[in-house]
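Colleague: Below you will find the structure I want to go over with you.
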């Protein structure tokens, strides 16, 4: 992950990634 990202941007990306993983697990 680029160091240029702000903390807010990192947390937002982490939230999106977590949501995507949860959706994938729920589909199985």
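In our numbering, the protein residues as written are 287 to 314.
Note that beta-carbon positions come from the ideal geometry of N, C-alpha and C, so glycine has one too.
Nearest-angstrom Cα distance between residue 300 and residue 313?
Modeller: Those two C-alpha atoms are separated by around 20 Å.
Colleague: How far does the alpha helix (DSSP H) with residue 296 in it reach, from first residue to last?
Modeller: Where residue 296 is concerned, the enclosing alpha helix (DSSP H) stretches over 293-313.
Colleague: Would you tell me roughly how many angstroms separate the C-alpha atoms of residue 296 and residue 311, rounded to the nearest one?
Modeller: Going by the C-alpha atoms only, they are around 23 Å apart.
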